[in-house]
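Enquirer: Protein chains in written order, with our numbering: chain A, 1 to 239; chain B, 240 to 658.
Before I ask anything, here is the structure I am working with.
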Amino acid sequence: MDNLIVKAENLVKIYQSGKVRVKALDGVNLIAHRGEILGIIGPSGSGKTTLLNIIGGLDKPTKGTVFIDNTEITKLSEEELVKFRLRNIGFVFQFFNLIPSLSVVENVELPLALLGVSRIERRELASTTLRELGLIHRANFKPSELSGGEQQRVAIARAIITNPKIVLMDEPTGNLDSENAKNLMKFIEKVQEKYGVTFIIATHDPIVVRQCERAYILRDGRFIEELNGQAAVNKYSKL
Amino acid sequence: MVDVLWLLNTALKDLFSRKTRSILTIASIAIGIALLFSLISLVNGVESRSATMIRQLTSADIIIRNTTRVDTSTGIPSPEGTRGFIRPITLSLINESILQNIESIESIYYATSLLTTQAYVDETPIILQGVIPGEYELVAGSLNIINGRSLSCLNCPEVVVGKSLMERLNLSVGGTLTITVNNTQVYLNVVGVYESGVQFFEMMNVYVPLYFLQNITGRVGLVSEILIKLKNPGDAQSVASYIQSIYPDLRATLQTAQIQQASQLISTLTTFFLTIGLIAIIAGGFGVANTMLINVFERMREIGILRAIGASSRTILLMFLTEALVLGLFGGVTGICTGFILAYILPNYFPIQTASRILPGSRAFGGSPQITQISITPVITWDTIMLALIIGVIVSLLAGLYPAWRASRIKPIEVLRHG
Ligand SMILES: Nc1ncnc2c1ncn2[C@@H]1O[C@H](COP(=O)(O)OP(=O)(O)OP(=O)(O)O)[C@@H](O)[C@H]1O
Ligand SMILES: [Mg+2]
Numbered sequence: 001m002d003n004l005i006v007k008a009e010n011l012v013k014i015y016q017s018g019k020v021r022v023k024a025l026d027g028v029n030l031i032a033h034r035g036e037i038l039g040i041i042g043p044s045g046s047g048k049t050t051l052l053n054i055i056g057g058l059d060k061p062t063k064g065t066v067f068i069d070n071t072e073i074t075k076l077s078e079e080e081l082v083k084f085r086l087r088n089i090g091f092v093f094q095f096f097n098l099i100p101s102l103s104v105v106e107n108v109e110l111p112l113a114l115l116g117v118s119r120i121e122r123r124e125l126a127s128t129t130l131r132e133l134g135l136i137h138r139a140n141f142k143p144s145e146l147s148g149g150e151q152q153r154v155a156i157a158r159a160i161i162t163n164p165k166i167v168l169m170d171e172p173t174g175n176l177d178s179e180n181a182k183n184l185m186k187f188i189e190k191v192q193e194k195y196g197v198t199f200i201i202a203t204h205d206p207i208v209v210r211q212c213e214r215a216y217i218l219r220d221g222r223f224i225e226e227l228n229g230q231a232a233v234n235k236y237s238k239l
Numbered sequence: 240m241v242d243v244l245w246l247l248n249t250a251l252k253d254l255f256s257r258k259t260r261s262i263l264t265i266a267s268i269a270i271g272i273a274l275l276f277s278l279i280s281l282v283n284g285v286e287s288r289s290a291t292m293i294r295q296l297t298s299a300d301i302i303i304r305n306t307t308r309v310d311t312s313t314g315i316p317s318p319e320g321t322r323g324f325i326r327p328i329t330l331s332l333i334n335e336s337i338l339q340n341i342e343s344i345e346s347i348y349y350a351t352s353l354l355t356t357q358a359y360v361d362e363t364p365i366i367l368q369g370v371i372p373g374e375y376e377l378v379a380g381s382l383n384i385i386n387g388r389s390l391s392c393l394n395c396p397e398v399v400v401g402k403s404l405m406e407r408l409n410l411s412v413g414g415t416l417t418i419t420v421n422n423t424q425v426y427l428n429v430v431g432v433y434e435s436g437v438q439f440f441e442m443m444n445v446y447v448p449l450y451f452l453q454n455i456t457g458r459v460g461l462v463s464e465i466l467i468k469l470k471n472p473g474d475a476q477s478v479a480s481y482i483q484s485i486y487p488d489l490r491a492t493l494q495t496a497q498i499q500q501a502s503q504l505i506s507t508l509t510t511f512f513l514t515i516g517l518i519a520i521i522a523g524g525f526g527v528a529n530t531m532l533i534n535v536f537e538r539m540r541e542i543g544i545l546r547a548i549g550a551s552s553r554t555i556l557l558m559f560l561t562e563a564l565v566l567g568l569f570g571g572v573t574g575i576c577t578g579f580i581l582a583y584i585l586p587n588y589f590p591i592q593t594a595s596r597i598l599p600g601s602r603a604f605g606g607s608p609q610i611t612q613i614s615i616t617p618v619i620t621w622d623t624i625m626l627a628l629i630i631g632v633i634v635s636l637l638a639g640l641y642p643a644w645r646a647s648r649i650k651p652i653e654v655l656r657h658g
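Dropping the structure here:
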């Protein structure tokens, strides 16, 4: 799997609540290469979040397998998954990523604290990362004192602090205006170049899609096609 | 694994970000702890005081009294215009001649008689203890004379006064103590000063020769109590029954019984106060549980994020238990400080009249139940402080258990799905 970092095969996810059965994913395959920005796009309800959650080990598929860098995470127990996520996967959600009572630097340190890294080391690493990402002037701010765009950048800083194999983002620009969305994408590209992080982004924001090297198009839980970012925008800009 | 400092830091920051709620929760624990702490300290105060008294007063094994009630005119009414702190003596006296009969009982080591009478120094009530020098010490134990000497005659105006009263009156050995008995002034030569360690006791009890007291009160041949020391204290019960069978009007009380009664009362008091305190603390515990549950519900997303980025359910559990611990510690410390103040303030609002009830009929109070206002000084010990702190923490942790468990069960996908 040298160049391949994610390989998901034949993912099926069925939600059963009472008599209602929803097939959120219906035989989806996905691969991601080391260091790429991969988009998962599709209309609301197409299964983007579901797919992302399964790749990230937050949810289990009804059927199918997910490999991340040779680890078959669909076989892991709940507790093993927690450990796996901590070391290997970064998450950035649409909003409310940060712990409100903690400062920016403490939020960035969080995964390191959970790993048991010493106080001094984690503060140093978090500060370095914030400095490299141009966020150090916000280190002691509370999340509520930041703009939406800044909050997302801090969340990205936190997601990459453990040097994870992949960073999963669910609608990272969903709460941002287009100006901030563009800036965030520039930021993501910078991070990707600097640290070689692999990003998998679920979105229907054309600003995001445009920057993706490849994009998977989903509809009703099914894989439709794979395009490069610009082509996807041209074809599906009305999503 | 996360370190303790990180847990503490995050807990403190979170509690600080909800100041009002946290303060109210801390207060709800503190109230219970304060109550418990002050009540225990007060009970300790009563206990140590009465323990000192009993130790000082009870080397006699049996005390004999006449339980026949007389109308108060036999006692000594308070002089006009004085505030009567002490109720007049209402028990009949005993004929001194009985002493000889009792002394002949085989197992008795020594017996002596005692007359107690109320008197006044200025307007302050005191109790004159009329004793037979030499005999009294054999039965009841020696007074701790710190200055001068003990009484030396049977019928002379000598007096041994407590240290506290001496200081109050600014008297010294060789001086004259003026007292009022039956509206008559009597002058006594102060020959000695004793110390007992219990201020109230020293203020109240003044020792004079028995016959002198009998003469000035017109009670020749009469005594209030006969004190008995046995060869073998184990015989106390049988000797007491025997005496009572010969003299049905008299009551023979075992000192051990008095001690038992006192300690029983104290343990009842302790249990009672402990129960009140614990109920208050349990109420505080519900306060903690409530606050923590609200916190858990408010922080669902936060917990979801933590779980997503790799916090184990154990870590979440620890985070919330740490908050409970911090609340308990703060509540405990605040409660102890408040309780400390309360322990000193409470007695002023509830003039405690327990002393004579705790020691029913103790000779310290003139041989008959008397209601006396005394203030209780709380006794604060490290044990009590630790107990209060530990109870605060334990109650808080128990209260936090369920909310923490709820928090640890939160599934990230469920709470992160919708805005
Ligand atoms: N826990 C659940 N229980 C039942 N149905 C669910 C659950 N989660 C998702 N679904 C359903 O699965 C389908 C896919 O949902 P998903 O959230 O993955 O879509 P999405 O592409 O992320 O949509 P959006 O763009 O609105 O975020 C939807 O029909 C949704 O209603
Ligand atoms: Mg979604």
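Ideal placement from N, C-alpha and C gives every residue a C-beta, glycine not left out.
Here the structure is a predicted model, which is why all the values come from computation and not from measurement.
Take Glu537 (chain B) as the anchor and find which of B:Arg645, B:Val430, B:Gln339 has the nearest alpha-carbon.
Expert: Looking at the Cα atoms, B:Arg645 is the closest of the given residues.
Enquirer: Is it the case that the Cβ atoms of Thr249 (chain B) and Met531 (chain B) are separated by a distance below 8 angstroms?
Expert: Their beta carbons are not under 8 angstroms apart, which means Thr249 (chain B) does not touch Met531 (chain B) by this criterion.
Enquirer: Could you please give the first and the last residue of the uninterrupted alpha helix (DSSP H) stretch that includes Val233 (chain A)?
Expert: It spans 229 to 236 - the alpha helix (DSSP H) in which Val233 (chain A) sits, taken as one unbroken run.
Enquirer: Should Ile328 (chain B) be labelled buried (16 or more other beta-carbon atoms within 10 Å of its own) or exposed?
Expert: Any reading at Ile328 (chain B) needs caution, since the residue's pLDDT is 45, under 50, leaving its predicted position unreliable; the model's value is listed next. Flag for Ile328 (chain B) reads buried.
Enquirer: Just the chain A side, please: which residues come within less than 7 angstroms of Val241 (chain B) by C-beta, in chain order?
Expert: Result: Ala113, Leu114, Gly116.
Enquirer: Kindly give me the distance between the Cβ atoms of Ile161 (chain A) and Thr129 (chain A), rounded to whole angstroms, as I take these residues to be in contact under 8 angstroms.
Expert: Indeed they touch by this definition, with Cβ atoms about 6 angstroms apart.
Enquirer: What residues are listed by DSSP as bridge partners for Ser352 (chain B)?
Expert: For Ser352 (chain B), which the question treats as bridged, DSSP gives the partners B:Ile465.
Enquirer: Can you tell me which of the three DSSP states Asp622 (chain B) falls into?
Expert: In the structure shown, Asp622 (chain B) sits in a helix (DSSP, three-state: H, G or I).
Enquirer: Below 9 angstroms on C-beta distance, what does Arg85 (chain A) contact in chain B?
Expert: Within chain B, the residues near Arg85 (chain A) are Arg546, Ala547, Ile548, Gly549.
Enquirer: Can you list the alpha helix (DSSP H) stretches of 4 or more residues lying completely in the stretch 126 to 184 of chain A, in chain order?
Expert: For the stretch 126 to 184 of chain A, whole alpha helix (DSSP H) runs of length 4 or above, ordered along the chain, are 148 to 160.
Enquirer: Taking a cut of 8 angstroms between CB atoms, which residues from the stretch 622 to 645 of chain B lie near chain A?
Expert: Residues: none.
Enquirer: Return the residues of the stretch 50 to 63 of chain A that lie within a Cβ-Cβ distance of less than 8 angstroms from chain B, sorted by chain order.
Expert: Under the 8 angstroms Cβ criterion, the stretch 50 to 63 of chain A contributes Asn53, Gly56, Leu58, Asp59.
Enquirer: Note the first and the last residue of the continuous alpha helix (DSSP H) segment covering Tyr583 (chain B).
Expert: 552 to 588 is the span of the alpha helix (DSSP H), which, as asked, contains Tyr583 (chain B).
Enquirer: Should Ala24 (chain A) be listed as close to ligand 1, given that the test is whether its C-beta is under 7 angstroms from any heavy atom?
Expert: Ala24 (chain A): yes, Cβ under 7 angstroms from ligand 1.
Enquirer: Do three or more CB pairs link the stretch 63 to 80 of chain A to the stretch 110 to 119 of chain A at distances below 8 angstroms?
Expert: Taking 8 angstroms as the limit for Cβ pairs, the verdict is that the stretch 110 to 119 of chain A does not touch the stretch 63 to 80 of chain A.
Enquirer: Could you pull out every residue in the same chain whose Cβ sits closer than 6 angstroms to the Cβ of Ser403 (chain B), ignoring the five residues on either side in sequence?
Expert: Cβ within range, chain order: Gln438, Glu441, Met442.
Enquirer: Identify whether Arg123 (chain A) lies in helix, strand or coil by the three-state DSSP scheme.
Expert: In this structure, Arg123 (chain A) counts as helix in the three-state DSSP scheme.
Enquirer: Decide if the stretch 513 to 520 of chain B is in contact with the stretch 263 to 282 of chain B; the criterion is three or more beta carbon pairs, one per stretch, under 8 angstroms apart.
Expert: Yes, since at least three Cβ pairs between the stretch 513 to 520 of chain B and the stretch 263 to 282 of chain B fall closer than 8 angstroms, the two stretches touch.
Enquirer: Quick one: any contact between the stretch 137 to 153 of chain A and the stretch 111 to 125 of chain A, if contact means 3 or more CB pairs under 8 angstroms?
Expert: Contact fails: fewer than three Cβ-Cβ distances are below 8 angstroms.
Enquirer: CA-CA distance, Gly600 (chain B) and Gly373 (chain B)?
Expert: With a pLDDT of only 37 at Gly600 (chain B), under 50, the local geometry of the prediction cannot be trusted, and no value is derived from it.
Enquirer: Short check: CB of Val398 (chain B) to CB of Val432 (chain B), under 8 angstroms?
Expert: For Val398 (chain B) and Val432 (chain B), no; Cβs fall outside 8 angstroms.
Enquirer: At a CB distance below 9 angstroms, what residues from the stretch 64 to 80 of chain A approach chain B? Give them in sequence order.
Expert: Going along the stretch 64 to 80 of chain A in chain order, one finds Glu78, Glu79 with a Cβ nearer than 9 angstroms to chain B.
Enquirer: Contact criterion: CB-CB distance below 8 angstroms. Does Arg260 (chain B) meet it with respect to chain A?
Expert: Chain A contact via Cβ: absent.
Enquirer: Using a threshold of 8 angstroms, state whether the C-beta atoms of Leu449 (chain B) and Ser352 (chain B) are closer than that.
Expert: Yes; because the gap between Cβ atoms is below 8 angstroms, this pair is in contact.
Enquirer: At the 8 angstroms Cβ level, is Arg648 (chain B) part of the contact set with chain A, yes or no?
Expert: Chain A contact via Cβ: absent.
Enquirer: Name, going along the chain, the residues of the stretch 93 to 114 of chain A whose beta-carbon falls closer than 9 angstroms to a beta-carbon of chain B.
Expert: The stretch 93 to 114 of chain A vs chain B, Cβ under 9 angstroms: Phe93, Gln94, Phe95, Phe96, Asn97, Leu98, Ile99, Pro100, Ser101, Leu102, Ser103, Glu106, Glu109, Leu110, Pro111, Ala113, Leu114.
Enquirer: Since Leu243 (chain A) and Ala547 (chain B) are thought to touch, with beta carbons under 8 angstroms apart, how far apart are those beta carbons, to the nearest angstrom?
Expert: A question about residue 243 (chain A) goes unanswered here, because the residues of chain A that appear run from 1 up to 239.
Enquirer: Going by other Cβ atoms of all chains shown within 10 Å of its Cβ, with 16 needed for buried, is Phe451 (chain B) buried or exposed?
Expert: So Phe451 (chain B) ends up on the buried side.
Enquirer: Can a CB atom of chain A be found closer than 8 angstroms to the CB of Ser595 (chain B)?
Expert: For Ser595 (chain B), the predicted model reports a pLDDT of 38, less than 50, meaning its position is unreliable and no value from the coordinates is stated.
Enquirer: Please work out which residues of its chain come closer than 8 angstroms, Cβ to Cβ, to Ala24 (chain A), disregarding the five sequence neighbours upstream and downstream, and give them in chain order.
Expert: If we look at Ala24 (chain A) and ignore the five residues flanking it on each side, its Cβ neighbours are Lys13, Ile14, Tyr15, Gly47, Thr50, Gly221.
Enquirer: Nearest by alpha-carbon distance to Glu106 (chain A): which of A:Gln230, A:Asn163, A:Ala139 is it?
Expert: When each option's Cα is compared against that of Glu106 (chain A), the closest is A:Ala139.
Enquirer: Could you tell me the alpha carbon to alpha carbon distance between Thr264 (chain B) and Ala159 (chain A), rounded to whole angstroms?
Expert: Their Cα atoms are separated by approximately 35 angstroms.
Enquirer: Cα-Cα, which of A:Cys212, A:Gly174, A:Arg34 is closest to Ser44 (chain A)?
Expert: When each option's Cα is compared against that of Ser44 (chain A), the closest is A:Gly174.
Enquirer: For the stretch 187 to 220 of chain A, which residues have a CB atom closer than 7 angstroms to at least one CB atom of chain B, in sequence order?
Expert: Listed in sequence order: no entries.
Enquirer: Is the closest heavy atom of ligand 1 to the C-beta of Ser44 (chain A) under 7 angstroms?
Expert: Within the cutoff, so yes.
Enquirer: What residues in its chain sit with their C-beta under 8 angstroms from that of Val654 (chain B), if we drop five residues either side in the sequence?
Expert: So the list reads Met539, Arg540, Ile542, Gly543, once near-sequence residues are dropped.
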